[in-house]
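The listed protein sequences derive, respectively, from chains A and B. Residue numbers for the first sequence follow this note's numbering, so the first one is 9 and each next one is one higher. Residue numbers for the second sequence follow this note's numbering, so the first one is 34 and each next one is one higher.
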Amino acid sequence: MGVLARVLEEAGIATVGLSLVRRQAENIKAPRFLHCEFPLGRPLGKPRDPVFQTDVIRRAFALLDRSDVPVIEDHPQVIDDETEAPATCALPPRHDPDAHPAVDEALGLRPAYNRQLAASDGRTAVGRVGGADEIGGLIERMVVLAENGDLAKAGFDALSVRAAAQDIRAYYEEAGLALSDHVPGARRIETWFYTRTETGPILHSVSHKLKAAGEDRSTWYYMLPSTQQR
Amino acid sequence: MTADSGIRANVGEIPTPEFESTPVAAAPPLAEARVAIVTTAGLRVAGDVNYWQPTDASFTVLPGSDRDVQLSHFSPNFDRVGFAADINVVYPVDRLDEMAAAGEIGSVANQHISFMGAQFDATFSTMLLDSGPAAARVLKDDGVDVVLLTPI
């Protein structure tokens, strides 16, 4: 991001950047950074908190008046991720005994996913490989892949399997958000998905199976966030 | 030690180009400035479901009136629930609109820009020499004189 700051400054556009990784901000020598020790993925700190977000922006814009560049100021507040505290989102009861438990679970979460979809005016991160209607089918293919480690037999390639994993994660995280009465701390719903649901551990198994099958690291590693690698 | 601190340590080790000096553009008074967001979150407008891949140094243009944007970054290594709940925690377009309405900033650009961050050396060069200057032209054409840069 600091590279872009330099390019824009050279084009005559003044910049101020929010930093999440202080060492990168230091290395690049862009003129103005507000370092925010906030969770990765939340550079403005607090979702659904306009007052806090506006304060962050004001602190950043205040650096435009500084002449002692390059300057990096630290936001006075630290907000940690909460990876080790999984959210306590309710999971649906078993509905179809003939379905794989993970598929049954995902279908049971559909009303929650739909509520979040409505709350966000239709905005969703699901849709790289398939929409919400395809999530059950994607999970079935992940179950096959967890058993045999053969991407082609599961109907994937190296790129689409990662994209499918992102779709499944997004579906669960958006459903989990609807099942929470507030926005939980960073990564709490992520950890809920990977450790408390039927489907999350299947993605762990897929990652391990692809690694054992000799697939490229970029494929199996990016099946999971590094925070969930075990 | 939090989970993020380990990632921060690793990302901090990504080699960056070395520069001797710091370019500085003059900013007009904030109350007169036209402001845009340039984010490295890997955002795309809805419906564009292309999967942003490593080494992709291109950028997307995000209409300022559009809130249906999707997080398309290739990396799974950051919290995504915050953005799902509120795009402003990454892409604070509503906050800028409010600040413009209150007279704190002069105006908000008609369009904003997204790249995908967490990139490596070869991509830095492309951003420095090609896609970065092209994005700057888009912003200059819109009369932008201040940019707020946000990571993911």
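Glycine included, every Cβ here is placed at the ideal spot set by N, Cα and C. Note that the structure is predicted; figures quoted are calculated from it, not measured.
Query raised in the report: Rounded to whole angstroms, how far is the Cβ of I70 (chain B) from the Cβ of T183 (chain B), which I believe are closer than 8 Å?
Result: 6 Å
**Report entry** Burial state of A59 (chain B) (16 or more Cβ within 10 Å)
**Finding:** exposed
Query raised in the report: In or out: D89 (chain A) buried (at least 16 other Cβ within 10 Å) or exposed?
Result: buried
Report task. Measure the C-alpha to C-alpha separation of F116 (chain B) and P47 (chain A) and round it to an integer number of angstroms. Result -> 12 Å
**Report entry** Reference F157 (chain B), options B:A90, B:M34, B:P56, closest by Cα
**Finding:** B:A90
**Report entry** Q144 (chain B) - partner residues in DSSP beta bridges
**Finding:** B:P96
Query raised in the report: Rounded to a whole number of angstroms, what is the C-alpha to C-alpha distance between E45 (chain A) and L153 (chain A)?
Result: 38 Å
Query raised in the report: Exposed or buried, P62 (chain B), counting other C-beta atoms within 10 Å across all chains shown (16 or more means buried)?
Result: exposed
Query raised in the report: Taking Cβ positions only, does P39 (chain A) come closer than 8 Å to chain B?
Result: yes
Query - Coil, strand or helix - S38 (chain B) by DSSP - result: helix
Query raised in the report: Applying the criterion that 16 or more other CB atoms from any shown protein chain within 10 Å of the CB defines a buried residue, is N43 (chain B) buried or exposed?
Result: exposed
Report task. Keeping to the same chain, check which residues put their C-beta closer than 8 Å to that of D165 (chain A); ignore five residues upstream and five downstream. Result -> L159
Query raised in the report: Going by the beta-carbon positions, is the gap between A110 (chain A) and T203 (chain A) smaller than 8 Å?
Result: no
Query raised in the report: What residue does the beta strand (DSSP E) around D224 (chain A) start on, and which one ends it?
Result: First-last for D224 (chain A): undefined, no H or E at that position.
**Report entry** Backbone secondary structure at M149 (chain B) - three-state DSSP
**Finding:** strand
**Report entry** Local conformation of A19 (chain A) per DSSP, three classes
**Finding:** coil
Report task. Count the C-beta pairs between the segment 80-100 of chain A and the segment 181-196 of chain A that are closer than 8 Å, then say yes if the count reaches three, no if not. Result -> yes
Query raised in the report: Nearest to D112 (chain A) by alpha carbon, out of A:H83, A:I143, A:T91, A:V137?
Result: A:I143
Query raised in the report: Leaving out the 5 sequence neighbours to the left and right, which residues in its chain are closer than 6 Å to M150 (chain A) when beta-carbon positions are compared?
Result: I210, V214
**Report entry** Heavy atom of the ligand GDP within 7 Å of A221 (chain A) beta-carbon
**Finding:** No copy of the ligand GDP occurs in the structure displayed, which carries no ligand at all.
**Report entry** Min CB distance E131 (chain B) to chain A below 8 Å
**Finding:** yes
Query - Within chain A, partners of N121 (chain B) - CB distance below 8 Å - result: L52, P55, P58, Q61
Query raised in the report: Going by C-alpha distance, which of B:E131, B:V102, B:V57, B:T73 is nearest D63 (chain A)?
Result: B:E131
Query raised in the report: Where do the N-terminal and C-terminal ends of the beta strand (DSSP E) with D82 (chain A) fall, by residue?
Result: 79-82
Query - Beta bridge counterpart(s) of L42 (chain A) as assigned by DSSP - result: A:L26, A:E81
Query raised in the report: If you measure beta-carbon to beta-carbon, which residues of the segment 98-111 of chain B are closer than 9 Å to chain A?
Result: R100, D101, V102, Q103, L104, S105, F107, S108, P109, N110, F111
**Report entry** Straight-line gap, L42 (chain A) to V123 (chain B) (C-alpha atoms, nearest Å)
**Finding:** 14 Å
Query raised in the report: Checking contacts by CB at 8 Å: is D76 (chain A) closer than that to chain B?
Result: no
Query raised in the report: When the Cβ atoms of the segment 66-77 of chain A are set against those of the segment 18-27 of chain A, are three or more pairs found closer than 8 Å?
Result: yes
Report task. Please list the partners that Q85 (chain A) has in chain B, where partner means a Cβ-to-Cβ separation under 8 Å. Result -> Per Cβ cutoff of 8 Å: no residues; Q85 (chain A) is ~14 Å from chain B at best.
Query raised in the report: Three-state secondary structure (DSSP) at T183 (chain B)?
Result: strand
Query raised in the report: Curious, which full-length alpha helix (DSSP H) runs of at least 4 residues does the segment 170-204 of chain A contain?
Result: 196-204
Query - Straight-line Cα distance separating L16 (chain A) from R170 (chain B) - result: 9 Å
Query raised in the report: What is the DSSP secondary structure of I70 (chain B), reduced to helix, strand or coil?
Result: strand
**Report entry** C-beta contact flag for D101 (chain B) and A79 (chain B) at 8 Å
**Finding:** yes
Query raised in the report: Which residues does DSSP pair with V64 (chain A) in a beta bridge?
Result: Answer is none; V64 (chain A) lacks a bridge partner.
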